[in-house]
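Asker: First the structure, then my questions, so here it is.
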Amino acid sequence: MLINTPDEIRGAIKAAGVIGAGGAGFPTYFKLNAKVDTVIANGSECEPLLYTDKTVIKQMPRELIRGLKIAMKATGAQKGIIAVKGHYKDVVSAIKNAISQENAEKDGISIHELENYYPAGDEFLTVYDVTGRVIPEGGIPLNVGVVVSNVLSLIQVAQAIDGKVVTERAITVTGEVINPGVYTVPIGTTYNSLIEIAGGLKSKDVALIDGGPMMGKIVSDWERGVNKTTSGIILLPKDHFVIRMASKSLAQVVKQSKAACCQCFRCTDLCPRNLLGHQLYPHKTMQTIDYDLVEPTANITSAFLCSQCGMCELVACDFMQLSPRKVYAEYRKLLVAKGIKNPHNRSGFDVSSQYENRKVSIPTVIKKLGLTEYARPLYPKDSKAVSIVRINVKAHIGAPATILVSVGDILNIGDLIASSPEGGLGTAYHSSIIGRVTAITVDYIEITAN
Ligand code: SF4
Ligand code: SF4
Numbered sequence: 470m471l472i473n474t475p476d477e478i479r480g481a482i483k484a485a486g487v488i489g490a491g492g493a494g495f496p497t498y499f500k501l502n503a504k505v506d507t508v509i510a511n512g513s514e515c516e517p518l519l520y521t522d523k524t525v526i527k528q529m530p531r532e533l534i535r536g537l538k539i540a541m542k543a544t545g546a547q548k549g550i551i552a553v554k555g556h557y558k559d560v561v562s563a564i565k566n567a568i569s570q571e572n573a574e575k576d577g578i579s580i581h582e583l584e585n586y587y588p589a590g591d592e593f594l595t596v597y598d599v600t601g602r603v604i605p606e607g608g609i610p611l612n613v614g615v616v617v618s619n620v621l622s623l624i625q626v627a628q629a630i631d632g633k634v635v636t637e638r639a640i641t642v643t644g645e646v647i648n649p650g651v652y653t654v655p656i657g658t659t660y661n662s663l664i665e666i667a668g669g670l671k672s673k674d675v676a677l678i679d680g681g682p683m684m685g686k687i688v689s690d691w692e693r694g695v696n697k698t699t700s701g702i703i704l705l706p707k708d709h710f711v712i713r714m715a716s717k718s719l720a721q722v723v724k725q726s727k728a729a730c731c732q733c734f735r736c737t738d739l740c741p742r743n744l745l746g747h748q749l750y751p752h753k754t755m756q757t758i759d760y761d762l763v764e765p766t767a768n769i770t771s772a773f774l775c776s777q778c779g780m781c782e783l784v785a786c787d788f789m790q791l792s793p794r795k796v797y798a799e800y801r802k803l804l805v806a807k808g809i810k811n812p813h814n815r816s817g818f819d820v821s822s823q824y825e826n827r828k829v830s831i832p833t834v835i836k837k838l839g840l841t842e843y844a845r846p847l848y849p850k851d852s853k854a855v856s857i858v859r860i861n862v863k864a865h866i867g868a869p870a871t872i873l874v875s876v877g878d879i880l881n882i883g884d885l886i887a888s889s890p891e892g893g894l895g896t897a898y899h900s901s902i903i904g905r906v907t908a909i910t911v912d913y914i915e916i917t918a919n
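Taking my numbering, the leading residue of the sequence shown gets 470, the next gets one more, and so forth.
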């Protein structure tokens with residue numbers, strides 16, 4: 470079937486199960502259901518150690534441009550801008566060559582070279598760096614006429630129009646593994662299998678992070694499967710600074726804050742959202758918990774403005790090792806549970822005069838995090854077939870997907886196994902290997918290879 474109109478494009482993307490590959494898993498078709506003037510392909514990949522986006526750009530630059538054109542068509546955008554770090558010359562040149570081969574400049578496509586800082590990939594900062602527009606407090610890129618989509622998602626958009634559904638993805642595997650690299654594996658490959666594919670562990674007593682070291686989450690069950698949103702896994706010694714900080718409970722954070730927060734302001738000085746002009750002052754919020762204030766004052770409700778980027782914790786407060794980020798996460802949870810909505814929605818404010826000066830370079834972040842020994846360029850490596858996958862059908866934002874298969878069903882790659890109800894926000898999931906359904910739990914479908 471010829472897919473041509475914006476509705477047909479969105480329908481194909483939805484059916485292929487494309488969701489944000491770089492973060493929260495927002496369904497891509499829904500994002501493209503908007504009228505904007507600019508689509509940004511986000512290839513900034515600012516989390517230290519990760520090489521996934523850089524790899525897929527170099528492998529498939531023309532698909533990326535095709536996906537970007539499709540996204541522009543769906544949204545009516547006249548400009549498509551690929552945002553990548555200028556530091557990665559090979560990535561920049563792959564894009565420039567593809568733009569020229571595809572004669573894409575005439576379609577409004579260009580490249581924007583970002584500085585090599587963290588968190589350049591936070592879409593609020595990406596939009597400002599690329600377009601000079603400031604997203605309002607509590608807003609989204611759409612508020613300033615922009616859609617931001619991860620580069621791998623856009624490649625999957627191009628593939629969706631060709632009839633290919635999302636069944637695999639590239640993942641950086643690094644840290645304490647023998648063969649660090651970027652491996653393309655079926656969705657649902659277990660963390661244990663992925664470690665084995667990367668040659669096994671180099672040392673014992675390690676913890677696993679799904680994502681980057683700044684924003685990733687510790688995974689304790691390594692028999693679970695990787696998600697459509699898993700951009701990387703990082704294995705680090707259990708006593709590593711990053712793991713110790715990620716493992717701290719809120720109770721520990723509060724106790725330590727009461728004893729140790731010296732109100733030095735460094736967390737506020739380096740908070741990227743504060744630098745963008747949003748009224749978010751982590752040091753003041755730390756003062757709030759110090760005095761056990763429980764009323765939802767602005768210093769508490771500003772939790773809605775926090776991106777959870779971790780700058781305040783892992784970079785600004787590395788000496789005291791306190792965590793305004795965790796305090797904000799907890800406050801946000803409590804506010805949502807109480808039915809309190811975000812009251813912060815200012816717009817038209819000025820960006821701080823210190824915005825440029827206080828950008829923290831990736832090499833500095835790596836040093837602060839104690840990751841120097843793992844920081845090296847990574848390249849695609851051969852993967853292996855896997856014998857079992859456990860596909861998480863809750864990896865997206867939106868209505869839960871209904872499971873459409875039963876134990877014993879025989880599946881081919883690409884067969885539909887779960888889908889959200891029609892009409893709302895949701896997505897679809899497909900079998901990522903040839904095999905038989907061997908287990909179904911509340912959140913995953915297990916398929917064992919024949
Ligand atoms: S949380 Fe840390 S960085 Fe922030 S004011 Fe307190 S001591 Fe300073
Ligand atoms: S995690 Fe910290 S630095 Fe990042 S936005 Fe939230 S308060 Fe600011």
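Glycine included, C-beta positions come from ideal geometry on N, C-alpha and C.
With DSSP as the reference, please indicate the residues paired to Gly861 in a beta bridge.
Answerer: It is Asn, not Gly, that sits at residue 861 in the sequence shown. Its beta-bridge partners are Tyr913.
Asker: Per DSSP, what kind of secondary structure is Ala922 in: helix, strand or coil?
Answerer: Here the chain comprises residues numbered 470 to 919, so residue 922 is not present and cannot be evaluated.
Asker: Mind pulling the alpha helix (DSSP H) runs of 4 or more residues that sit fully within the segment 580-640?
Answerer: Within the segment 580-640, the complete alpha helix (DSSP H) runs of at least 4 residues are 592-600, 620-630.
Asker: Which ranges would you report for the beta strand (DSSP E) in the segment 684-749 if only whole runs of at least 3 residues count?
Answerer: Fully enclosed beta strand (DSSP E) runs of 3 or longer: 686-688, 701-706.
Asker: Give me, in chain order, the residues of the same chain whose beta-carbon lies closer than 6 Å to that of Leu621; leave out the 5 immediate sequence neighbours on both sides.
Answerer: These residues qualify, in order along the chain: Ala490, Val525.
Asker: Ligand 2 and Gly779: does the residue's C-beta get closer than 7 Å to at least one heavy atom of that ligand?
Answerer: Yes; taking the cut-off as 7 Å, the Cβ of Gly779 has a heavy atom of ligand 2 nearer than that.
Asker: Please confirm whether any heavy atom of ligand 2 lies closer than 7 Å to the CB of Ile594.
Answerer: Per the sequence shown, residue 594 should be read as Leu rather than Ile. Not so, every heavy atom of ligand 2 lies at least 7 Å from the Cβ.
Asker: Among Met541, Tyr520, Arg859, whose alpha-carbon lies nearest the alpha-carbon of Pro849?
Answerer: Selected option, being the one with the closest Cα: Tyr520.
Asker: In three-state terms, what does DSSP make of Ala785?
Answerer: Of the three classes helix, strand and coil, the one that applies to Ala785 here is helix, per DSSP.
Asker: Check Lys558 in the structure and name its three-state DSSP category.
Answerer: Helix.
Asker: Return yes when the C-beta of Leu840 is under 7 Å from any heavy atom of ligand 2, and no when it is not.
Answerer: No - ligand 2 has no heavy atom lying nearer than 7 Å to the Cβ of Leu840.
Asker: Which one of Ile886, Val911, Ser852, Ile909 has the shortest CA to CA distance from Thr658?
Answerer: Answer by Cα proximity: Ser852.
Asker: Helix or strand or just coil, what does DSSP make of Lys548?
Answerer: Strand at Lys548.
Asker: According to DSSP, simplified to helix, strand and coil, what is Leu885?
Answerer: Strand, per DSSP.
Asker: So Leu583 and Asp559 are supposed to be a Cβ contact under 8 Å. How far apart are they, rounded?
Answerer: So it is not a contact: roughly 16 Å between Cβ atoms.
Asker: When the distance is taken between beta carbons, is Leu838 closer than 8 Å to Leu749?
Answerer: Result no, Cβ atoms of Leu749 and Leu838 do not sit closer than 8 Å.
Asker: Which term fits Cys731, buried or exposed, when burial requires 16 or more other beta carbons within 10 angstroms of its beta carbon?
Answerer: Burial call: exposed.
Asker: If you reduce the DSSP assignment to three classes, tell me which class His899 lands in.
Answerer: His899: strand per DSSP, three-state reduction.
Asker: Quickly, what does DSSP pair Ile809 with across the bridge? List them, please.
Answerer: In the DSSP output, where bridge partners are listed per residue, Ile809 has none listed.
Asker: In whole angstroms, what is the alpha-carbon distance linking Glu532 and Cys736?
Answerer: Cα to Cα, the separation comes out at about 40 Å.
Asker: With 16 other CB atoms within 10 Å as the buried threshold, where does Phe593 fall?
Answerer: Classification of Phe593: buried, given that the 10 Å Cβ count is 16 or more.
Asker: Pull up the CB-CB distance for Lys717 and Ser792, whole angstroms please, since I reckon it's below 8 Å.
Answerer: The Cβ separation is near 7 Å, so the contact holds.
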